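K.L.:
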Amino acid sequence: MAKDFIVTKEHRRFAEFATAVRKEHTIGICHGDAGVGKTLSARRYAHWDTLGAHIDEWGPRTDEDAKHHATANRSRTVFYTPEVLPRYRQLMAEIEHLQIRVGICIDEHQRTIGKVSGPHKDDVTKLIELLIVDEAERLTPTALELLRDEHDRHQLAIILIGMPGIDQRFRHYPQLYSRLGFSHHYRALGREELLFVLDRHWKRLGRTLDPDDFTDAQAIAAVERITRGNFRLLERLFPQITRVLKINQLETITDDVIEAAASILVIGN
Ligand SMILES: Nc1ncnc2c1ncn2[C@@H]1O[C@H](COP(=O)(O)OP(=O)(O)O)[C@@H](O)[C@H]1O
Ligand SMILES: [Mg+2]
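Heads up: the sequence shown at position 65 corresponds to 65 in the UniProt record's numbering, and the numbers run straight through without jumps.
#1: What residues are listed by DSSP as bridge partners for Thr77?
#2: With distances taken between CB atoms, is the gap from Leu156 to Leu176 smaller than 7 Å?
#3: Taking only three categories from DSSP, how would you classify residue 279?
#4: Check whether the Cβ atoms of Trp48 and Phe79 lie closer than 7 Å to each other.
#5: Per DSSP, Cys105 is paired with what?
#6: Just to confirm, is the Cβ distance from Tyr173 to Cys30 under 7 Å?
#7: Quick one: grab the DSSP three-state call for Gly52.
#8: Just how far apart, CA to CA, sit Val133 and Ile158?
#9: So, helix, strand or coil for Met1, using DSSP?
#10: Using beta carbons (cut-off 7 Å, strictly below), is Leu195 in contact with chain C?
#11: Three-state secondary structure (DSSP) at Ile241?
#12: Under 8 Å by Cβ, that's how I've got Lys38 and Ile161 pegged, so tell me the actual separation to the nearest angstrom.
#13: Identify, in the order they occur along the chain, each residue of the same chain with its Cβ nearer than 7 Å to the Cβ of residue 274, setting aside the five sequence neighbours on each side.
#14: Please state if the CB of Ala20 and the CB of Tyr45 are separated by a distance shorter than 7 Å.
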């Protein structure tokens with residue numbers, strides 16, 4: 001999945017937001033519709049596809065370690081997804097576990113470059129600057145309170161990612177709400193970005209997209225109408241488009257093809 005990641009404007013906006021939250025040592029909320037790309041952006045920001053896998057595995061030393069340690073040192077971020085109905089003790093223990101492991105990676109890197117020597121720090125978790133919690137609507141009031149406490153004690157920057165309305169929900173927790181530094185709305189793809197993504201899809205299907213061509217323009221309009229710039233819908237639509245083309249032995253992606261693909265998608269739900 002990582003290699004297919006498209007650096008969209010929304011991703012860049014997310015990265016700026018995350019960096020700001022981290023620099024200001026504050027708490028930020030990122031909210032947006034399901035499927036717009038919040039999770040992927042956050043994982044990308046935290047280099048979690050590689051770093052997360054490395055710390056999960058935590059196996060014998062390999063030649064790759066130095067690379068992971070350098071990544072951890074740069075990102076200083078832990079990405080965490082609570083389970084549904086998390087128990088707060090387990091949740092805090094899991095977060096601490098990730099913080100320790102990423103902290104050890106950072107510490108190792110600093111030793112390699114000669115910035116640190118001597119005995120290991122007793123608390124490597126202090127090296128973590130940002131904690132990103134995905135699916136934050138799963139957090140119970142107690143968990144939110146504990147995270148807020150973590151933030152107060154260690155100046156840990158925190159980003160809570162959730163669905164639209166999560167920012168309103170947090171209004172009910174004045175302790176947390178008063179500490180919120182930024183609220184970030186993660187939006188669906190705009191027209192230009194949609195075109196950019198479509199262009200890649202068209203190319204993948206061995207075709208070229210020309211927005212000035214009448215047929216292509218109609219196809220684009222159909223995709224826009226059906227997906228409303230939602231990344232997940234878009235990604236689900238394309239395999240169906242391929243199918244429709246193949247079954248009907250068609251060459252051109254027309255709006256009819258897209259409508260047919262979308263109808264399969266709905267039935268397949
Ligand atoms: N930047 C991106 N590049 C490529 N595909 C993306 C990107 N963002 C999202 N997607 C696609 O959209 C799907 C949904 O993204 P996700 O981050 O899970 O959304 P959210 O967390 O907002 O519900 C992903 O599984 C992927 O197929
Ligand atoms: Mg998500």
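Backbone N, C-alpha and C fix where the C-beta goes; we use that ideal spot for every residue, glycine too. This structure is a prediction, so every number in the text was calculated from the model and none was measured.
P.N.:
Looking at the atomic coordinates:
#1: Leu130
#2: no
#3: With the chain covering 1 to 269 only, the question about residue 279 has no answer from this structure.
#4: yes
#5: None, per the DSSP bridge assignment.
#6: no
#7: helix
#8: 8 Å
#9: Confidence at Met1 is low in this model, with a pLDDT of 45, below 50, so the placement of that residue should be treated as unreliable; the coordinate-derived value is given next. Correct three-state label for Met1: coil.
#10: The structure shown contains no chain C, having only a single protein chain.
#11: helix
#12: 5 Å
#13: There is simply no residue 274 to check, as the chain begins at 1 and stops at 269 in what is shown.
#14: no
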